[in-house]
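Asker: Could you have a look at this structure, given as structure tokens, before my questions?
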Amino acid sequence: MNWTWIADPETWIALVTLVALELVLGVDNVIFISILSGKLPPKDQPRARSTGIMLAVITRILLLLSLSWIISLEETLFTLPLLNVGISGRDLVLLAGGLFLLWKSTREIHDKLEGEQGHASAKVAASFASVIIQIMLLDIVFSLDSVITAVGMVDHIEIMIIAVVLAAGVMVFTAGPIAGFVEKHPTIKILALSFLLLIGFTLVVEGLHQHIPKGYIYFAMAFSVFVEILNLRVRAKSAPVNLREAYSAETTHAGQLTPVPVTVEIAAPAAMAVSAPEAKPARKSVRKTNVKPKTTIDKKKKK
193 MNWTWIADPE
203 TWIALVTLVA
213 LELVLGVDNV
223 IFISILSGKL
233 PPKDQPRARS
243 TGIMLAVITR
253 ILLLLSLSWI
263 ISLEETLFTL
273 PLLNVGISGR
283 DLVLLAGGLF
293 LLWKSTREIH
303 DKLEGEQGHA
313 SAKVAASFAS
323 VIIQIMLLDI
333 VFSLDSVITA
343 VGMVDHIEIM
353 IIAVVLAAGV
363 MVFTAGPIAG
373 FVEKHPTIKI
383 LALSFLLLIG
393 FTLVVEGLHQ
403 HIPKGYIYFA
413 MAFSVFVEIL
423 NLRVRAKSAP
433 VNLREAYSAE
443 TTHAGQLTPV
453 PVTVEIAAPA
463 AMAVSAPEAK
473 PARKSVRKTN
483 VKPKTTIDKK
493 KKK
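Take 193 as the starting number for the sequence shown in the working numbering and just add one per residue.
Written out as structure tokens, the structure is:
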């Protein structure tokens, strides 16, 4: 490896720019990982997010180390007669990933709005292995786009790997807060799923060689987030919307209910509450009646 680029200021500028681009390109990946990990029990969600991000880093590094294979993906494999478009290996990956995102996002939106509410059993939750497999499949799609961007920007593979690792480190620390914010606000979750629909459509279109400037897509997403933030401020005092969840963490094991603490308040007997305040005035009245006759008799004797 050639490390002479360390003394080049332009290379450091390119590194910072590439890290920023990797973060922007990784936002959709983090959102998808957060939504998929949300289908797991709460105790498994942090582990799924960390595993998904680490798999994304490994996938990106492996793709960077196989640049010759990535370049070969640009070669045309066949041509679509109706659209007169040459399809390469990269196009097939983008088409498959885009269609999967469209299907997965549509299904998630339907389950959140019209699906059945989950039962209090761990069997309802998605398995950890199935979630990781889905994350791995999407990591390949997102990593391919990210690696192609890196190859087009920088000439040194060392810079690409450093940028990928730095961006992944930032995503590890931000994945938890992003996932918590998405879970706390159900409308944000629907908005994130809508973003995945948009990204899936974009991947399909790019797979058909119809390029859409990424600036338009990111501007639309940023504007939607801004409008939703305003809506959250308006709805701050109202009750949040409850989406249908496939898993409800009410039991620790299937078929075993967790003990629920119950507080019982014992009211004092009514007779005890009444007798105490009535006893004191009764004694005072007796003393007054006993004192008054004595004073009147003494006055008559003096006269």
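Think of the CB as a built atom: it goes at the ideal place given N, C-alpha and C, for glycine as much as any other residue.
What you are looking at is a predicted structure, and each value in this text was computed from that prediction instead of being measured.
For the structure I just gave you, are there three or more beta carbon pairs, one from the stretch 250-260 and one from the stretch 289-299, closer than 8 Å?
Answerer: no
Asker: With distances taken Cα to Cα, identify the nearest neighbour of A359 among W204, V211, A206, P201.
Answerer: For the purposes of this step, residue 359 is taken as the residue at position 167 of the sequence shown. Ranking the options by Cα distance to A359, first place goes to V211.
Asker: Could you work out which residue in A414, G218, K235, F418 is closest to F140 when comparing CA atoms only?
Answerer: Examination of residue 140 is not possible in this model, given that the chain is present from 193 through 495 alone.
Asker: Within this structure, are the beta carbons of F141 and N221 separated by less than 7 Å?
Answerer: In the structure as shown, the chain starts at 193 and stops at 495, and residue 141 therefore has no counterpart that could be examined.
Asker: What three-state label does DSSP hand G372 in the structure shown?
Answerer: Within the sequence shown, numbered from 1, the residue matching residue 372 stands at position 180. Of the three classes helix, strand and coil, the one that applies to G372 here is helix, per DSSP.
Asker: Determine which residues share a DSSP beta bridge with F270 and list them.
Answerer: Within the sequence shown, residue 270 is the residue found at index 78, counting from 1. The partner list for F270 (beta bridge, DSSP) reads I279.
Asker: Taking I223 as the reference, which of F387, F411, L395, T298 has the closest Cα?
Answerer: Counted from its first residue, the sequence shown places residue 223 at position 31. Considering only alpha carbons, the answer is F387.
Asker: Between A414 and I324, which are expected to be in contact by the criterion C-beta below 8 Å, what is the C-beta distance as a whole number of angstroms?
Answerer: As a working mapping, residue 414 is identified with position 222 in the sequence shown. As a working mapping, residue 324 is identified with position 132 in the sequence shown. That pair is no contact at about 30 Å.
Asker: Under the three-state reduction of DSSP, which class applies to L383: helix, strand or coil?
Answerer: The residue given as residue 383 occupies position 191 in the sequence shown. DSSP places L383 in helix when its eight states are reduced to three.
Asker: Enumerate in chain order the residues of its own chain whose CB-to-CB distance from S229 is below 6 Å, with the five nearest sequence positions on each side excluded.
Answerer: For the purposes of this step, residue 229 is taken as the residue at position 37 of the sequence shown. Closer than 6 Å at the Cβ level, and outside the excluded window around S229, lie Q237, A240, R241.
Asker: Give the single residue among V419, P369, N276 whose Cα lies nearest to the Cα of Q402.
Answerer: Working through the sequence shown from its first residue, we reach residue 402 at position 210. The shortest C-alpha separation from Q402 is found at N276.
Asker: For the candidate residues L330, I279, I380, whose alpha-carbon lies nearest to that of I301?
Answerer: By one-based count along the sequence shown, residue 301 stands at place 109. Restricting attention to L330, I279, I380, the CA atom closest to the CA of I301 is found in I380.
Asker: Which value, in whole angstroms, describes the spacing of the CA atoms of G368 and E266?
Answerer: Within the sequence shown, the letter at position 176 stands for residue 368. Within the sequence shown, the letter at position 74 stands for residue 266. Distance between the alpha carbons of G368 and E266 is about 36 Å.
Asker: Just to confirm my understanding: we take G244, look at its own chain, exclude 5 residues before and 5 after, and list those with CB closer than 6 Å. What are they?
Answerer: Position 52 of the sequence shown, counting from 1, holds the residue named residue 244. For G244, where only same-chain residues beyond five positions count, the Cβ hits under 6 Å are I225, I327.
Asker: So the candidates are R299, L269, I421; which of them puts its Cα closest to the Cα of V285?
Answerer: Taking the first residue of the sequence shown as 1, we reach residue 285 at position 93. When each option's Cα is compared against that of V285, the closest is L269.
Asker: L207 to V356, Cα distance in whole Å?
Answerer: By 1-based counting over the sequence shown, the position of residue 207 is 15. By 1-based counting over the sequence shown, the position of residue 356 is 164. So the two alpha carbons sit approximately 10 Å from each other.
Asker: By Cβ distance below 7 Å, which residues in the same chain neighbour V362 in space, the five residues on each side in sequence not counted?
Answerer: Working through the sequence shown from its first residue, we reach residue 362 at position 170. These residues qualify, in order along the chain: L215.
Asker: Measure the CB-CB distance between G392 and L294 and report whether it falls below 7 Å.
Answerer: Counting from 1 along the sequence shown, the entry for residue 392 is found at position 200. Counting from 1 along the sequence shown, the entry for residue 294 is found at position 102. The answer is yes: Cβ separation under 7 Å.
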